[in-house]
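Going down the list, the sequences are from chains R and A.
Okay, so the first sequence: first residue is 8 according to this note's numbering, each after it adds one.
Okay, so the second sequence: first residue is 8 according to this note's numbering, each after it adds one.
All residues carry an ideal CB built from backbone N, CA and C; glycine is no exception.
Owing to the predicted nature of the structure, the values given are computational and were not obtained by experimental measurement.
Number of protein chains: 2
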Amino acid sequence: AYQKIAHNFFIPDDLREELQRKAEAARQVLPNSALPEVEHYHTLVPLDTNNQRNVTLFGYPSWVYKAVSSKDGKTYILRRLENYRLTNEKAIRSVQSWKRINNGGVVKIHDAFTTRAFGDSSLIFVTDYFPRSKTLAQEHLNYTPSYNRGRPMTNQIPEATLWGYITQIASALKAIHSNGLAARVINLSKVIVTSKNRVRLNGCAILDVTQHDIPRPLQELQAEDLTQLGRLILCLANNNQNATLNIQKSLEHVGRTCSLQLKDCVTWLLTAAPAAPTTLQSPGGTNATPEKTIDTFLQAITTQIINTFDNTLHANDIIASALALELENGRLFRIVSKLNFITERPEFDHNPLWAETGERYYLKLFRDFLYHSVDAQGKPVTDLGHVIAALNKVDAGSEEKCMLVSRDEQNVLMVSYRDVKRMVESCFLELVKGGARR
Amino acid sequence: AYQKIAHNFFIPDDLREELQRKAEAARQVLPNSALPEVEHYHTLVPLDTNNQRNVTLFGYPSWVYKAVSSKDGKTYILRRLENYRLTNEKAIRSVQSWKRINNGGVVKIHDAFTTRAFGDSSLIFVTDYFPRSKTLAQEHLNYTPSYNRGRPMTNQIPEATLWGYITQIASALKAIHSNGLAARVINLSKVIVTSKNRVRLNGCAILDVTQHDIPRPLQELQAEDLTQLGRLILCLANNNQNATLNIQKSLEHVGRTCSLQLKDCVTWLLTAAPAAPTTLQSPGGTNATPEKTIDTFLQAITTQIINTFDNTLHANDIIASALALELENGRLFRIVSKLNFITERPEFDHNPLWAETGERYYLKLFRDFLYHSVDAQGKPVTDLGHVIAALNKVDAGSEEKCMLVSRDEQNVLMVSYRDVKRMVESCFLELVKGGARR
Ligand SMILES: Nc1ncnc2c1ncn2[C@@H]1O[C@H](COP(=O)(O)OP(=O)(O)OP(=O)(O)O)[C@@H](O)[C@H]1O
Ligand SMILES: Nc1ncnc2c1ncn2[C@@H]1O[C@H](COP(=O)(O)OP(=O)(O)OP(=O)(O)O)[C@@H](O)[C@H]1O
Ligand SMILES: [Mg+2]
Ligand SMILES: [Mg+2]
Numbered sequence: 008a009y010q011k012i013a014h015n016f017f018i019p020d021d022l023r024e025e026l027q028r029k030a031e032a033a034r035q036v037l038p039n040s041a042l043p044e045v046e047h048y049h050t051l052v053p054l055d056t057n058n059q060r061n062v063t064l065f066g067y068p069s070w071v072y073k074a075v076s077s078k079d080g081k082t083y084i085l086r087r088l089e090n091y092r093l094t095n096e097k098a099i100r101s102v103q104s105w106k107r108i109n110n111g112g113v114v115k116i117h118d119a120f121t122t123r124a125f126g127d128s129s130l131i132f133v134t135d136y137f138p139r140s141k142t143l144a145q146e147h148l149n150y151t152p153s154y155n156r157g158r159p160m161t162n163q164i165p166e167a168t169l170w171g172y173i174t175q176i177a178s179a180l181k182a183i184h185s186n187g188l189a190a191r192v193i194n195l196s197k198v199i200v201t202s203k204n205r206v207r208l209n210g211c212a213i214l215d216v217t218q219h220d221i222p223r224p225l226q227e228l229q230a231e232d233l234t235q236l237g238r239l240i241l242c243l244a245n246n247n248q249n250a251t252l253n254i255q256k257s258l259e260h261v262g263r264t265c266s267l268q269l270k271d272c273v274t275w276l277l278t279a280a281p282a283a284p285t286t287l288q289s290p291g292g293t294n295a296t297p298e299k300t301i302d303t304f305l306q307a308i309t310t311q312i313i314n315t316f317d318n319t320l321h322a323n324d325i326i327a328s329a330l331a332l333e334l335e336n337g338r339l340f341r342i343v344s345k346l347n348f349i350t351e352r353p354e355f356d357h358n359p360l361w362a363e364t365g366e367r368y369y370l371k372l373f374r375d376f377l378y379h380s381v382d383a384q385g386k387p388v389t390d391l392g393h394v395i396a397a398l399n400k401v402d403a404g405s406e407e408k409c410m411l412v413s414r415d416e417q418n419v420l421m422v423s424y425r426d427v428k429r430m431v432e433s434c435f436l437e438l439v440k441g442g443a444r445r
Numbered sequence: 008a009y010q011k012i013a014h015n016f017f018i019p020d021d022l023r024e025e026l027q028r029k030a031e032a033a034r035q036v037l038p039n040s041a042l043p044e045v046e047h048y049h050t051l052v053p054l055d056t057n058n059q060r061n062v063t064l065f066g067y068p069s070w071v072y073k074a075v076s077s078k079d080g081k082t083y084i085l086r087r088l089e090n091y092r093l094t095n096e097k098a099i100r101s102v103q104s105w106k107r108i109n110n111g112g113v114v115k116i117h118d119a120f121t122t123r124a125f126g127d128s129s130l131i132f133v134t135d136y137f138p139r140s141k142t143l144a145q146e147h148l149n150y151t152p153s154y155n156r157g158r159p160m161t162n163q164i165p166e167a168t169l170w171g172y173i174t175q176i177a178s179a180l181k182a183i184h185s186n187g188l189a190a191r192v193i194n195l196s197k198v199i200v201t202s203k204n205r206v207r208l209n210g211c212a213i214l215d216v217t218q219h220d221i222p223r224p225l226q227e228l229q230a231e232d233l234t235q236l237g238r239l240i241l242c243l244a245n246n247n248q249n250a251t252l253n254i255q256k257s258l259e260h261v262g263r264t265c266s267l268q269l270k271d272c273v274t275w276l277l278t279a280a281p282a283a284p285t286t287l288q289s290p291g292g293t294n295a296t297p298e299k300t301i302d303t304f305l306q307a308i309t310t311q312i313i314n315t316f317d318n319t320l321h322a323n324d325i326i327a328s329a330l331a332l333e334l335e336n337g338r339l340f341r342i343v344s345k346l347n348f349i350t351e352r353p354e355f356d357h358n359p360l361w362a363e364t365g366e367r368y369y370l371k372l373f374r375d376f377l378y379h380s381v382d383a384q385g386k387p388v389t390d391l392g393h394v395i396a397a398l399n400k401v402d403a404g405s406e407e408k409c410m411l412v413s414r415d416e417q418n419v420l421m422v423s424y425r426d427v428k429r430m431v432e433s434c435f436l437e438l439v440k441g442g443a444r445r
């Protein structure tokens, strides 16, 4: 059956709050940090939450810091491999091809260099920073099981989410493989969730440097990428970091909890015959069984790709409307700022021509109307909705009238929002021109 | 070769301005309009720019209006078919299945009904409204040729744009065909461009109603959708509304100006053998040649789909950052509003406790600092950048200090932005509580 589209697949319920939390996380600094500056990167903040030094993946303990570049003021990630000694200059040059990979499913790599800034000899990879990211392991597998009537509740990941991961990573692999590279690390700790249901490959380029002296055929590495993707999804679908220890049993679990299509997909990734290395292929021989390449895989999951694609289009529409709404707020901020520039300027305190006559007098009362209203009981009205509604009418030049009351309550003036708009513009212009001198 | 990703494929250079123009277009009304209300839709505005009544597509002259629903306050499109008489109630019920189609490449259909509001008997389709949309014909084929050294310049559409259209429409057709429907109208005037490079099928559901009494096999209609898509792309690639009059010559032109892949794709769409109608298929017979179905087509263009998919992901990231920035503006608007609520309230004009002492005095001077600064020449500083920078420091609670000068220039107070932040919060809270009475 054609899968139903979840309109908010990529959109968190609290989109605005989440974006604000991200902005905060990006701004966060570490007071009294003893961390060094590394080339032109300063204000390092460590992001590793566990102190376990995992050396199995890269062969070196690695650390992740966010840092600010003094060249462009932007925030980046520095991944540091401790105690790495560069023996061959060519090794680090292999990063050049990675800099060209610009894909929505790959954490972009900007640079790599060695440094003594940490007191040892470290290898540094500079990549894009995505505030508040979590690794797939952190997102899905580090849960404290909650018990439901005595039975442990599993955090079964929805199949739609799994397909979202598969299609995004497949799209990333397409870009990587088409550029003559292999991801080499597709791991629960090296795929990061950067926003709702959105994932990116995070460990790329590293092994190309550290294992530069142990070359392996590209075709083999690329086929292995697909196998690693299969293992990743198997673990996620089983909610178990060790699901690969018993592949048969784990696949059966997938068969019970997910669609047949997902099970077939994982099975293919794990078991398909790798593409015969070109060196072994008989001349002119064609292989009847489909090869284990990213293209074959993409063809097999076209329906799911189209599905994720449509989810992305919907997400675009939703974020664009949210942006349009916020732009309206920006407009209001500019109007109210103009009003503030104009009214109650101290240098005109004793200049009756400026302060108390004509348009500026209206605007002063209008500002009172916006912010200084009191209710029937004389209590201050502090409702931002009133302010926003009134400013929107000013901006739209509405013919509707509002009642302005002088501070001594002796005068009541009726004025249309359209008039207020005109007066704001003309007084502000006068101010900018410096025409209204003491 | 793997196509380079254009990061801004779906993002106009002036994203913010474009969104604002859209908001304006959506608000626009027609003064003194003689157009009727149609059921609960009011404030109709006609969107057809040419007065030619084109009857060939639907068999009836059609009109397009934007209108506001009094039920939800949202703006919709009403398409009116003039002089349509409903003879069979079942005809209009066929729209039910269309209401379920919720795809990023299909203009969503909300309702259909007949009405006498226009004085005749009209058939109305209610759909989503996309401000400032243009039909593909308006976007690409209505150009006034500009001459370049005596030779006419053609507005050749970039191939990436064509692939963008093909993949989006293919994705739309997948959703439509999977739901047992056919688009039936894929036409230069019935595919609309709703934002940069973003297209949607716009004429759906209409023929299912008007030709309800002339049923045709679904498989045939679906195969025809693909042929129509081929004709559409052929016209666009040739920059010529009539390119289908000489298909061979037009295909050759595509071969010269575009990639072989695009030419093959259009050729397949135009010429592939339609799927054999089920009624004619020999029992158990399998067809060796691939059938002309949307699934076969999707498989053939997987690489391009992945490409558009990635463009969409990038667009998402870009719009989300723009939104995050605007949210910061919203924050500033709220702070400055609080400041305005607090300072210079008329009811406290003569209450020295409120107006001139303690925190409120600081805030009054801070507001002067924000908006009423003068430069060395005594000229008003009307720079919004100064305001924004200072408010951001308040919001961030910066330790940095600013210098506040009393209006009589007798007092100079140093205060940190962090203190200002605290004072704004506490004074505003007091105000909300109504604690600061006369
Ligand atoms: N590009 C990035 N942007 C933002 N956060 C990131 C980025 N890369 C990693 N992180 C975050 O930094 C933390 C550490 O990442 P790391 O890759 O070291 O994972 P780990 O769980 O510590 O695995 P390992 O044991 O291999 O070090 C994780 O929370 C991860 O989400
Ligand atoms: N859903 C919609 N949202 C916004 N604008 C739309 C929508 N549908 C159509 N329009 C706009 O309304 C105008 C008229 O559309 P219409 O489909 O009638 O095209 P047309 O060129 O007049 O073709 P025809 O000759 O068949 O009437 C076009 O400019 C189109 O972009
Ligand atoms: Mg780590
Ligand atoms: Mg029309």
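Per-residue burial, D390/A [other beta carbons within 10 Å of its own, 16 or more giving buried]: Indexing the second sequence from 1 puts residue 390/A at position 383. It is exposed - the Cβ of D390/A has fewer than 16 other Cβ atoms within 10 Å.
Using a Cβ-Cβ cut-off of 8 Å, state whether Y424/R counts as contacting chain A. For this step, residue 424/R is matched to residue 417 along the first sequence. With 8 Å as the cut-off, Y424/R does not count as an interface residue toward chain A.
Look at V419/A and C409/A and say whether their C-beta atoms are less than 8 Å apart. Here residue 419/A refers to the residue found at position 412 when the second sequence is read from its first residue. Here residue 409/A refers to the residue found at position 402 when the second sequence is read from its first residue. Result no, Cβ atoms of V419/A and C409/A do not sit closer than 8 Å.
In terms of residue numbering, what span does the beta strand (DSSP E) encompassing H117/A cover? Here residue 117/A corresponds to residue number 110 of the second sequence, with the count starting at 1. For H117/A, the uninterrupted beta strand (DSSP E) run begins and ends at I116 to T122, by DSSP.
Would you say Q27/R lies against chain A (beta-carbon separation less than 8 Å)? Counting from one through the first sequence, the residue named residue 27/R turns up at place 20. Yes, contact with chain A.
Kindly identify the DSSP beta-bridge partner or partners of Y48/A. By 1-based counting over the second sequence, the position of residue 48/A is 41. Note: Y48/A sits in a beta bridge opposite V45/A and S76/A.
Within the region 338-396 of chain R, ranges of the alpha helix (DSSP H) (whole runs, at least 4 residues): For the region 338-396 of chain R, whole alpha helix (DSSP H) runs of length 4 or above, ordered along the chain, are 359-362 and 365-378.
My understanding is that L88/A touches Y72/A, with C-beta atoms under 8 Å, so please give their C-beta distance in whole angstroms. One-based indexing of the second sequence puts residue 88/A at position 81. One-based indexing of the second sequence puts residue 72/A at position 65. Actually they are not in contact, since the Cβ atoms of L88/A and Y72/A sit about 12 Å apart, beyond 8 Å.
In angstroms with no decimal places, state the Cα-to-Cα distance between P38/A and R429/R. As a working note, residue 38/A is residue 31 in the second sequence. As a working note, residue 429/R is residue 422 in the first sequence. The C-alpha of P38/A lies about 21 Å from the C-alpha of R429/R.
Closest Cα partner of G392/A within the set P387/R, R341/R and G441/R: Numbered from 1 along the second sequence, position 385 holds the residue referred to as residue 392/A. Nearest to G392/A by alpha-carbon distance, out of P387/R, R341/R and G441/R, is R341/R.
Can you find a CB in chain R that lies within less than 8 Å of the CB of N247/A? Here the question's residue 247/A lines up with position 240 in the second sequence. Using a Cβ-Cβ cut-off of 8 Å, N247/A does not count as an interface residue toward chain R, since no Cβ of chain R sits closer than that to its own.
Do the region 169-178 of chain R and the region 70-84 of chain R make contact, defined as three or more Cβ pairs closer than 8 Å? Contact between the region 169-178 of chain R and the region 70-84 of chain R is absent: fewer than 3 CB-CB pairs across the two stretches fall below 8 Å.
Segment contact flag, the region 121-130 of chain R with the region 218-237 of chain R, C-beta cutoff 8 Å, min 3 pairs: No, the region 121-130 of chain R is not in contact with the region 218-237 of chain R.
For D317/A, which residues in chain R fall below 8 Å Cβ to Cβ? Position 310 of the second sequence, counted from the start, is the residue given in the question as residue 317/A. The contacting residues are N110, G111, G112, S178 and A182.
Along the chain, where does the alpha helix (DSSP H) that runs through F435/R open and close? In the first sequence, the residue the question calls residue 435/R occupies position 428. Bounds of the alpha helix (DSSP H) holding F435/R are Y424 to V439.
When you compare the CB of G337/R with every CB in chain A, is at least one pair closer than 8 Å? Against the first sequence, residue 337/R aligns to sequence position 330. True, the Cβ-Cβ gap to chain A drops below 8 Å.
Look at the alpha carbon of S185/A and the alpha carbon of I108/A, and state the distance between them as a whole number of angstroms. On the second sequence, residue 185/A is found 178 positions in, with the first residue counted as 1. On the second sequence, residue 108/A is found 101 positions in, with the first residue counted as 1. Between S185/A and I108/A, the C-alpha separation is close to 10 Å.
Contacts of E333/A in chain B (Cβ-Cβ under 8 Å): Chain labels in this structure do not include chain B; the protein chains are R and A.
What is the residue span of the beta strand (DSSP E) that L208/R lies within? Reading the first sequence from its first residue, position 201 is the one you call residue 208/R. From DSSP, the beta strand (DSSP E) with L208/R extends over R205 to L208.
Cβ closer than 9 Å: which chain R residues qualify as neighbours of F16/A? Position 9 of the second sequence, counted from the start, is the residue given in the question as residue 16/A. In chain order: nothing, as chain R lies at least about 11 Å away.
Per the DSSP calculation, L130/A is bridged to which residue(s)? Counting from one through the second sequence, the residue named residue 130/A turns up at place 123. According to DSSP, L130/A bridges with L88/A and T121/A.
Interface flag, D324/R vs chain A, CB-CB below 8 Å: For this step, residue 324/R is matched to residue 317 along the first sequence. Using a CB distance cut-off of 8 Å, D324/R counts as an interface residue toward chain A.
Contact list for the region 382-414 of chain R against chain A, Cβ threshold 8 Å: Cβ contacts with chain A: G385, K386, P387, T389, L391, V394, A403 and R414.
Neighbourhood of E42/A by C-beta, 6 Å cutoff - its chain only, sequence neighbours within 5 removed: As a first step, residue 42/A must be located in the second sequence, where it is residue number 35. Per the sequence presented here, residue 42/A reads as Leu, with Glu not at that position. Residues of the same chain with a CB within less than 6 Å of the CB of L42/A, apart from the 5 flanking positions on each side, are L51 in chain order.
For my contact list, G337/R and R207/R are in at a C-beta cut-off of 8 Å; report their separation, rounded to the angstrom. Position 330 of the first sequence, counting from 1, holds the residue named residue 337/R. Position 200 of the first sequence, counting from 1, holds the residue named residue 207/R. Their Cβ separation, rounded to whole angstroms, is 30 Å, which puts G337/R and R207/R out of contact at 8 Å.
Give the interface partners of L438/A over in chain R, defined as CB-CB distance under 7 Å, in chain order. Working through the second sequence from its first residue, we reach residue 438/A at position 431. Result: P387 and T389.
Quick check on L26/A: does DSSP put it in helix, strand or coil? Stepping through the second sequence from its first residue, residue 26/A is reached at position 19. Under the three-state reduction of DSSP output, L26/A falls in the helix class.
Interface flag, H47/R vs chain A, CB-CB below 8 Å: As a working note, residue 47/R is residue 40 in the first sequence. Not an interface residue.
Residue range of the beta strand (DSSP E) that includes V200/A: Along the second sequence, read from residue 1 onward, the residue named residue 200/A stands at position 193. Membership of V200/A in the beta strand (DSSP E) is indicated by the continuous run V198 to S202.
Could you please tell me which residues of the region 197-225 of chain A, in chain order, have their CB closer than 7 Å to any CB of chain R? Answer in chain order: no residues at all.
Any beta carbon of chain R sitting closer than 8 Å to that of L236/A? Walking along the second sequence from the start, residue 236/A turns up at place 229. No, its Cβ sits nowhere closer than 8 Å to a Cβ of chain R.
When L276/R, Q311/R and D317/R are compared against K299/R, the one with the closest alpha-carbon: Sequence index remark: in the first sequence, residue 299/R carries index 292 (1-based). The candidate whose alpha carbon is nearest that of K299/R is L276/R.
Reduced DSSP category for C265/R - H, G, I as helix; E, B as strand; rest coil: Mapped onto the first sequence, residue 265/R falls at position 258. The answer is coil: DSSP assigns C265/R none of H, G, I, E or B.
Roughly how many angstroms lie between the CA atoms of Q248/A and L241/A, to the nearest whole one? The sequence position of residue 248/A within the second sequence is 241, counting from 1. The sequence position of residue 241/A within the second sequence is 234, counting from 1. In this model, Q248/A and L241/A are separated by some 9 Å (Cα to Cα).
N4/A versus T168/A - alpha carbon distance: Nothing can be reported for residue 4/A, as the shown portion of chain A is limited to 8 through 445.
C-alpha distance - E416/R paired with R23/A, whole-angstrom precision: The residue given as residue 416/R occupies position 409 in the first sequence. The residue given as residue 23/A occupies position 16 in the second sequence. R23/A has its alpha-carbon roughly 43 Å from the corresponding atom of E416/R.
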